[in-house]
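Colleague:
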Amino acid sequence: MLSPGLSDEQAVPFDDRGLAYGDGLFETVLLRDGGPVLWRYHTSRLAKGCRRLNIPLPSQAALDATWQGDPTAELEVLKLILTRGSGGRGYAQPDQVTPRLVSRRTPFQPSAERWQQGVTVRLCDLRLGHQPRLAGIKHLNRLENVLARQEWSDATIAEGVLADTHGLVVEATSMNVFWQQAGQVLTPLLDQCGVAGTLRAALIEQGAVAQSSLPLQQLGAVERLWVANSVQGVWPVTSLLAANGSLIQRWPLSKLDSFQRLAHQLLGVA
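What the sequence shown shows, in the numbering used here, is residues 25 to 294, in sequence order.
1. Could you name the residues of the same chain whose beta carbon sits closer than 6 Å to that of G73, not counting the 5 residues immediately before and after it, in chain order?
2. Out of curiosity, what's the CA-to-CA distance linking P276 and A85?
3. Can you grab the Cα-Cα spacing for the pair P60 / S83, in whole Å?
4. Suppose only complete runs of 4+ residues qualify. What are the alpha helix (DSSP H) ranges in the segment 94 to 146, listed by chain order?
5. Below 6 Å CB to CB, which residues in the same chain sit around R173 once its five sequence neighbours on both sides are set aside?
6. Terminal residues of the continuous alpha helix (DSSP H) containing L187?
7. Determine the contact status of L147 and V185, defining contact as a CB-CB distance below 8 Å.
8. Looking at C-alpha atoms only, which residue of G142, L104 and V193 is the closest neighbour of R128?
9. Cα-Cα, which of V194, R224 and E51 is closest to G218?
10. Would you grab the beta carbon distance between A234 and Q208 for me? Rounded to a whole angstrom, and I think it's under 8 Å.
11. For T180, which residues in the same chain have their Cβ closer than 8 Å to its Cβ, ignoring the five residues on either side in sequence?
12. For L213, tell me which candidate among L192, T222, V53 and G231 has the shortest Cα-Cα distance.
13. Ignore the nearest five residues each way along the sequence and tell me which others in R157's own chain have a CB closer than 8 Å to its CB.
14. Taking the beta carbon of V170 as the centre, do at least 16 other beta carbons fall within 10 Å, making it buried, or is it exposed?
Structure follows, in structure tokens:
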């Protein structure tokens, strides 16, 4: 049974396990003209997360109800939060799990100038730990990303690139990483840590992207570099900085970015 949905004005109960322990999942979905973009990939990732955490998955009707609203709204972002609900003693889950689904829609405007002009990204000092049972899913405990995002305040830096404890590139703080090598577009394997984005999943399914490993020290030698997610789209990286702010590499901005064009078609960008 699913706990009744809460509006964003209602408080989450003090004993909610998502609030207390990060015991839950979330999805951030682009709504275009009132409908969800890449919805199949979002619900598939949510279902995978529910299986991993052993949380009952809400019905498709309950999930669909979160985005049904104003069809005249051109662009919005829908955030879904699914927790295990309330109860249990300490870390032990309650005998009867009643998940709690919370959702909120907000107006959205993408950073189109970053599509066109490219962005500067920096390397993060923080290293992501390995936990294969949580790898790929979008669980509520994102403290590593929060700490990494605290490493800079310069508004000219769009993102931070994260590596794992073995020195392999994993992701950006809130986006996936893609690079071109020998003419092929690649993205990190996310079998030990990191979030498997829905745009990433769609591009892999299309055969446009392959998965590979990339040592952090080789990042500056790639032919091209992008960061991307299903809300912001694809940002070409034009400058890569070290954590101390020194320049590692620059890439020229391509006017014929076929990777960006394909990704944006999947997001409904004209």
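Beta carbons: idealized from backbone N, C-alpha and C, even for Gly.
The structure displayed is predicted, hence computed values, not measured ones.
Modeller: The relevant details are as follows:
1. The residue given as residue 73 occupies position 49 in the sequence shown. Cβ contact annotation for G73 (same chain, cutoff 6 Å, sequence separation greater than five): L49 and I161, in chain order.
2. Along the sequence shown, one-based indexing puts residue 276 at 252. Along the sequence shown, one-based indexing puts residue 85 at 61. Taking the straight line joining both Cα atoms gives about 46 Å.
3. For this step, residue 60 is matched to residue 36 along the sequence shown. For this step, residue 83 is matched to residue 59 along the sequence shown. So the alpha carbons of these two residues sit roughly 17 Å apart.
4. As summarised for the segment 94 to 146, the continuous alpha helix (DSSP H) elements at least 4 residues long and confined to that stretch are 136 to 141, given in chain order.
5. Locating residue 173 in the sequence shown gives position 149, counting from the first residue. Excluding residues within five positions, the ones whose Cβ falls inside 6 Å are T197.
6. Position 163 of the sequence shown, counted from the first residue, corresponds to residue 187. For the sequence presented, residue 187 should be read as Ala rather than Leu. Not the alpha helix (DSSP H): A187 falls in the beta strand (DSSP E), residues I181 to D188.
7. Reading the sequence shown from its first residue, position 123 is the one you call residue 147. Reading the sequence shown from its first residue, position 161 is the one you call residue 185. Less than 8 Å separates the beta-carbon of L147 from that of V185.
8. Looking up residue 128 in the sequence shown gives position 104. Here the closest residue by C-alpha is L104.
9. Here the question's residue 218 lines up with position 194 in the sequence shown. The residue with the shortest Cα to Cα distance from G218 is V194.
10. Counting from one through the sequence shown, the residue named residue 234 turns up at place 210. Counting from one through the sequence shown, the residue named residue 208 turns up at place 184. The C-beta separation of A234 from Q208 comes to about 6 Å, placing the pair in contact by the 8 Å criterion.
11. On the sequence shown, residue 180 is found 156 positions in, with the first residue counted as 1. Excluding the 5 residues flanking it on each side, T180 has same chain C-beta neighbours closer than 8 Å at T144, in chain order.
12. For this step, residue 213 is matched to residue 189 along the sequence shown. When L192, T222, V53 and G231 are compared, the shortest CA-CA separation from L213 is found for L192.
13. Within the sequence shown, the letter at position 133 stands for residue 157. Hits under 8 Å: R76.
14. Position 146 of the sequence shown, counted from the start, is the residue given in the question as residue 170. With fewer than 16 other Cβ atoms within 10 Å, it is exposed.
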